[in-house]
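Numbering (the working numbering), first residue to last: 72 to 391. The beta-carbon is built from N, C-alpha and C at its ideal position, and this holds for glycine as well. Computed from a predicted structure; not experimentally measured.
Okay, structure coming up:
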């Protein structure tokens, strides 16, 4: 069926590889002076690709810089599946996780205060930050445990709008340490993510901020009725510790944005739907890399980080 739709599969026809052999080997070799030919062949191919890309760019600008076509202009594979951007498991990873456990095992040291601030702000959107803080001081928490989720899945569509490309799976892990079946201690993992403050666009960092996700949780029906008798928030909520805001421009040498981890953690509760995707951070090592930094503690011990746009194609296009 597939062959009837699109023709012979790649590499099933010797003409296909023979054509590549001419382009990548014979033509490239003929362009050299037969001395140190591999370096010259590589450089020749690189320049040929750049000329082709520049030619396409000129044609695009000459046509009036039309936006990429996203509707019915590309063939879609028969097995292509449309996914929701955000996908949560049907059931929580753990039920009845107490507030002291959230503090001790998940590192959510300000969960009580952050949740009180979230409830006050949600029910009173006209309140200022100071008013929310004052009202939160007298807030009574009507529960002692929550149900938690240990991962968030995102299906990121092709950033260039090409319908023939499959959605890319992205996962944010939020799991405390545990002892596995071999009785070995496995450290916790609390990934960093990029969060939309409500003004973020399809690409770029304006309207976004990086945070470390400590807890993803949901409330019981009883707690929801007590706290939100009228309008309810998103079913899945997240406790996030914030990094500094993005600077106005990336660093000139490597085009990465530099952000800071405050000495005193600033955390809030947000809807999980506000989380855009996971994000990779590079610590600023300095002249000597501290030997006590590990994957388990570097986010706590390092204060300066670079936001990497190179973890996948989607981040390369959107985190600019």
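Give every residue of the same chain whose Cβ lies closer than 7 Å to the Cβ of residue 160, excluding the five residues on either side of it in the sequence, and list them in chain order. Taken in chain order, the residues that qualify are 220.
Residue 349: buried (16+ other C-beta within 10 angstroms of its C-beta) or exposed? buried
Own chain residues within Cβ distance below 8 Å of residue 248, not counting five before or after: Contacts found: 176, 256, 257, 258 and 259.
Proximity winner among 388, 125, 286 and 345, relative to residue 172 (alpha-carbon distances): Check the Cα spacing between residue 172 and each of 388, 125, 286 and 345: the tightest is with 286.
Relative to the C-alpha of residue 261, which candidate in 363, 274 and 223 has its C-alpha closest? Nearest C-alpha to residue 261: 223.
Is the distance from the Cβ of residue 157 to the Cβ of residue 95 below 8 Å? no
How would you write the range of the alpha helix (DSSP H) that residue 169 sits in, first residue to last? Per DSSP, residue 169 belongs to no alpha helix (DSSP H); it is in the beta strand (DSSP E), 165 to 169.
Bridge partners - residue 243, DSSP secondary structure assignment: 223
Closest to residue 346 by CA distance: which of 218, 269 and 209 is it? 269
Output needed for residue 388: all residues of its chain with C-beta closer than 6 Å, excluding positions within five of it in sequence on either side, in chain order. Answer for residue 388: 230, listed in chain order.
Which residue from 299, 328 and 341 puts its Cα closest to that of residue 352? 328
The alpha helix (DSSP H) enclosing residue 111, as first and last residue numbers: Counting along the chain, the alpha helix (DSSP H) containing residue 111 begins and ends at 108 to 133.
Look at the Cβ atom of residue 289, then the Cβ atom of residue 163, and state whether they are nearer than 8 Å. In this structure, residue 163 lies closer than 8 Å to residue 289 by Cβ.
Assuming residue 343 and residue 307 make a contact with CB atoms under 8 Å, what is their CB distance in whole Å? 4 Å
Tell me where the alpha helix (DSSP H) around residue 347 begins and ends. Run containing residue 347: none in the alpha helix (DSSP H); it sits in the beta strand (DSSP E), 346 to 349.
So for residue 282, helix, strand or coil by DSSP? strand
Answer yes or no: do residue 282 and residue 294 have a C-beta to C-beta separation smaller than 8 Å? no
Let's test the definition: count the other Cβ atoms within 10 Å of the Cβ of residue 241 and tell me whether it reaches 16, buried, or not, exposed. When all chains shown are included, residue 241 counts as buried.
Would you mind working out which of 192, 312, 337 and 330 sits nearest residue 376, comparing C-alpha positions? 330
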